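Participant: Take a look at this one; I'll ask things after.
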Amino acid sequence: MDMDSFFASVEQLTRPTLRGRPVLVGGAGPRGVVAGASYEARAYGAHSAMPMHQARRLVGLRAVVVPPRGRLYRLASRRVFAVVRGLVPVIEQLSLDEAFAEPGELEGADPDDVERFCTRLRDAVLDETGLVASVGAGSGKQVAKIASGLAKPRGQKVITLAREREVMDPLPVRSLWGIGPVADERLRKVGVESIGQFAALGRAEVVSLLGSTVGPALHALARGVDNRPVAERAEAKQVSAETTFAADLLTRREIRDAVQKTGEAAHRRLLHDGRGARTVIAKFRKSDMSTVTRSKTLGYATTDRAVLIAAAQKAAVDPGEVGPIRLVGVGFAGLTALQQTVLFPQFDSAEAGEPGDGGGDSDSDSDGDGAVLGDGGGDMGAARAAARRPLSAGDDVRHADRGHGWVQGSGHGVVTVRFETRSSGPGPVVTLPESDASLVAADPVASLDWPERWTVADDTDPTGTGTDLA
């Protein structure tokens, strides 16, 4: 099951005015990247991971750009998959919006039974959450994943074993899970462009092209051999948060502030994970896109925020030495449920020196390859962060008399707000003075306006399993 245009769909669900319009989710700054695009925007050629300025050019003046509300997507994901678990107890969730399932009731079922189950699954998700899923079914994970892609948008597709080769063989070899740009290029050089052509190769040819480990595994998938079971995902080995800045950081003070803010976002995810961390990783991407990564290992595992962020500060770089910094990341690894009580934690949490005066245990430069999802800010969806800055486009707000809304624009002492939620339908636009005491920053979760039965414990900062939209 794969949710259709998940981030943009959540925006259109909670902000009814956006329904039917080309929505781009992501940072609007010069370094912003599209985190999600509605199908209306995709019709113009926009897609995820595309630079926002390029997507805006493609869509034109009709484009609606909204900043990511990561917490909202994580909560929506949790509730979607709570519905799924009501039908299939064990699922293998790949991301916020995609998962595998292996329903026991479909063992030995005929295609009509599978079609009915897929319809029931999609209807349950839509009825309970208002969000649309596409579902694919097949003999294994690979075929099911391809089927769900072919079903998009708003559809379902069952690939029976009898029709597997008919459907799979003409597809581009890049459709196979695991075939990336490098493998695709190697195969194209010898004239292999489709899954069927790849499946027809001999083992020796596959090994010579793709290696003795990865090659045979991919070749088996191309031939429809996929016996991987559906299993719950293993515990994460690391939790982290990253912030990309619209303007490069040039001073040690700016780095310190960035490490503090990003470290706090990572720490909230660590608390949600429930384990302590022994290793702190600080990541800095320079303006030339190379990356400096430093780590600091403590003598014990802890969840103490001051201790962990102090370690990240000690591993920080000095822009005066390494050059301008465009991205700052903080991660916690060496996760364990066994935590040690420290007699004098203040020694580890003491105010860290300026960046650059305390090296980590390791220091390496490498080419960066991460996607930039926004143009700054940790935990953008949190109302408490919005309360510390002037209201800007995309912010969730609440008015004492008019209820929940979102900012469509601000400036010159006024703010324009559209008052609406999921259940309200398109709402009115009102322009108010920025000084209006009745207008305050609000929790974006209120825009979902889901029934009371959907109350979920510990919704304060769910971690989710997918893309970090800090």
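Once you know that position 443 of the sequence shown is 557 in this note's numbering, the rest is easy, because the numbers rise by one and skip nothing. From the three backbone atoms N, C-alpha and C, an ideal C-beta is built for every residue, glycine too. Keep in mind that this is a model prediction, so the values were computed, not measured.
Per DSSP, Gln207 is paired with what?
Facilitator: Ala213
Participant: Nearest-angstrom Cα distance between Val202 and Leu220?
Facilitator: 11 angstroms
Participant: In chain order, which continuous runs of the alpha helix (DSSP H) of length 4 or greater are located wholly inside the stretch 288–367?
Facilitator: 295–303, 309–313, 317–324, 328–336
Participant: So, for Ser119: in the same chain, excluding its five sequence neighbours on each side, which residues have a beta-carbon less than 8 angstroms away from its beta-carbon?
Facilitator: Gly150, Ala151, Ser152, Tyr153, Arg156, Pro267
Participant: Nearest to Gly445 by alpha carbon, out of Arg188, Ala415, Ala391, Val436?
Facilitator: Ala391
Participant: Between Ala415, Val529, Ala177, Ala426, which lies nearest to Val394 when the distance is taken from Cα to Cα?
Facilitator: When each option's Cα is compared against that of Val394, the closest is Ala426.
Participant: Indicate whether the contact test is met: 3 or more Cβ pairs, each with one atom in the stretch 539–556 and one in the stretch 510–520, closer than 8 angstroms.
Facilitator: yes
Participant: For Pro144, report the span of its beta strand (DSSP E) as first-last.
Facilitator: No beta strand (DSSP E) holds Pro144; DSSP gives it neither H nor E.
Participant: Excluding the five sequence neighbours on either side, which residues of its own chain have a C-beta within less than 6 angstroms of the C-beta of Asp462, listed in chain order?
Facilitator: In this prediction, Asp462 scores a pLDDT of 49, lower than 50, which makes its location untrustworthy; no coordinate-derived value is stated.
Participant: So which of Leu132, Val431, Pro330, Ala213 has the shortest CA-CA distance to Met117?
Facilitator: Comparing Cα positions, the closest option is Ala213.
Participant: Just checking, does the stretch 236–246 make contact with the stretch 192–202 on the three C-beta pairs under 8 angstroms criterion?
Facilitator: yes
Participant: I think Lys259 touches Gly250, with their Cβ atoms under 8 angstroms apart; what is that distance to the nearest whole Å?
Facilitator: 7 angstroms
Participant: Taking 8 angstroms as the cut-off, does the stretch 314–334 touch the stretch 347–362 (at least 3 CB pairs, one atom from each stretch)?
Facilitator: With fewer than three CB-CB distances shorter than 8 angstroms, the stretch 347–362 does not count as touching the stretch 314–334.
Participant: Taking Cβ to Cβ, would you say Leu132 is nearer than 8 angstroms to Val173?
Facilitator: no
Participant: Under 8 angstroms, with one C-beta from each stretch per pair, do the stretch 340–351 and the stretch 365–376 reach the 3-pair mark?
Facilitator: Because the criterion of three Cβ pairs below 8 angstroms is not met, the stretch 340–351 and the stretch 365–376 do not touch.
Participant: Grab me the residues of Val436's own chain with a C-beta within less than 8 angstroms of its C-beta, minus the 5 sequence neighbours each way, in chain order.
Facilitator: Phe398, Lys400, Val406
Participant: Which one of Val137, Pro144, Gly143 has the shortest CA to CA distance from Tyr158?
Facilitator: Val137
Participant: Looking at Glu206 and Ala345, is the spacing between their C-beta atoms short of 8 angstroms?
Facilitator: yes
Participant: Roughly how many whole angstroms lie between the Cα atoms of Gln460 and Arg419?
Facilitator: The pLDDT assigned to Gln460 is 49, lower than 50, so where the model puts this residue is not dependable; a value taken from the coordinates is nonetheless given after this. If I take the Cα positions, the gap works out to 11 angstroms.
Participant: Once DSSP output is grouped into helix, strand and coil, what is the label at Lys428?
Facilitator: In the structure shown, Lys428 falls within a helical segment according to DSSP collapsed to helix, strand and coil.
Participant: For Arg193 and Ala313, I'd like the C-alpha separation in whole angstroms.
Facilitator: 39 angstroms
Participant: In whole angstroms, what separates the C-alpha of Gly292 from that of Pro433?
Facilitator: 37 angstroms
Participant: Could you compute how far the alpha carbon of His518 sits from the alpha carbon of Val544?
Facilitator: 12 angstroms
Participant: Would you call the CB atoms of Val559 and Leu186 closer than 8 angstroms?
Facilitator: Cβ atoms of Val559 and Leu186: closer than 8 angstroms.
Participant: Hey, how far is the Cα of Ala497 from the Cα of Gly140?
Facilitator: Any reading at Ala497 needs caution, since the residue's pLDDT is 43, under 50, leaving its predicted position unreliable; the model's value is listed next. If I take the Cα positions, the gap works out to 18 angstroms.
Participant: With distances taken between CB atoms, is the gap from Arg532 to Asp563 smaller than 8 angstroms?
Facilitator: no
Participant: Buried or exposed: where does Leu275 fall if 16 or more other Cβ atoms within 10 Å of its Cβ makes it buried?
Facilitator: exposed
Participant: Given this structure, state the Cα-to-Cα distance separating Gly541 from Arg129, to the nearest angstrom.
Facilitator: 9 angstroms
Participant: Contact check, Val306 vs Val287 under 8 angstroms by CB: the rounded distance?
Facilitator: Contact check for Val306 and Val287: beta-carbon distance about 6 angstroms, within the 8 angstroms limit, so the pair qualifies.
Participant: Closest by CA to Pro610, which one among Val147, Ser209, Leu208, Ala430?
Facilitator: Because the chain in this structure spans residues 115 to 584, residue 610 falls outside the shown range and cannot be described.
Participant: Which of the three DSSP states, helix, strand or coil, is assigned to Phe121?
Facilitator: Per DSSP, reduced to three states, the secondary structure at Phe121 is helical.
Participant: For Asp371 versus Val257, is the C-beta spacing smaller than 8 angstroms?
Facilitator: no
Participant: Exposed or buried, what is His381 when buried is set at 16 or more other beta-carbons lying within 10 Å of its beta-carbon?
Facilitator: His381 counts as buried, since no fewer than 16 other beta carbons sit within 10 angstroms of its beta carbon.
Participant: Grab the span of the alpha helix (DSSP H) containing Ser191 for me, first residue to last.
Facilitator: Run containing Ser191: 184–201, per the alpha helix (DSSP H) assignment.
Participant: Kindly list the residues whose CB is nearer than 6 angstroms to the CB of Arg170, restricted to its own chain and excluding five residues on each side of it in sequence; keep chain order.
Facilitator: Ala177
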